[in-house]
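Be aware that the sequence shown starts at 1, since it is given in my numbering, and climbs by one per residue.
C-beta atoms are modelled at their ideal positions from N, C-alpha and C, and glycine is treated no differently.
Predicted model, so just to flag it, every value in this text is computed and none were measured.
Inspection log for the structure reproduced underneath, given as structure tokens.
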Amino acid sequence: LLISSLFVTVLYLGGSNISIPYIFLSEFFEINKGYVVFGTTIGIFITLAKTYLFLFVSIITRWTLPRLRMDQLLNLGWKFLLPISLGNLLLTTSSQLFSL
Numbered sequence: 001l002l003i004s005s006l007f008v009t010v011l012y013l014g015g016s017n018i019s020i021p022y023i024f025l026s027e028f029f030e031i032n033k034g035y036v037v038f039g040t041t042i043g044i045f046i047t048l049a050k051t052y053l054f055l056f057v058s059i060i061t062r063w064t065l066p067r068l069r070m071d072q073l074l075n076l077g078w079k080f081l082l083p084i085s086l087g088n089l090l091l092t093t094s095s096q097l098f099s100l
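So, in structure tokens, the structure goes:
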């Protein structure tokens with residue numbers, strides 16, 4: 001679960017990128033010596049924070065929702081997902097046909 005959370009963080013949540021703009025202390029004080037170490041450390045902590053956040057959400061989801069039986073999954077597929085996908089296919093083909 002931890003490895004899959006790390007993969008989701010790196011592939012979909014941006015890895016070490018943070019969406020909040022911030023200024024490094026080294027840029028603020030114009031110190032160039034520890035910039036690489038400081039930036040790498042911050043990136044590692046951001047990645048781990050996102051990983052543990054996703055891990056927490058997935059564990060809470062697994063604890064909260066009950067497991068589905070095989071017959072419930074089959075009913076979901078045949079009675080709900082298949083009609084929706086066929087309707088989507090019909091809508092898409094008709095919109096493509098009439099837009100020409």
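Residue 1 sits close to residue 55, with the two beta carbons spaced by under 8 Å. Secondary structure at residue 42: helix, using DSSP grouped into helix, strand and coil. Residue nearest to residue 19 within the set 63, 43, 78, 61 is 43 (criterion: CA-CA distance).
When C-alpha distances from residue 47 are compared across 61, 10, 78, 70, the shortest belongs to 10. Counting every other CB atom within 10 Å of its CB across the protein chains shown gives residue 51 a total of 16 or more, marking it as buried.
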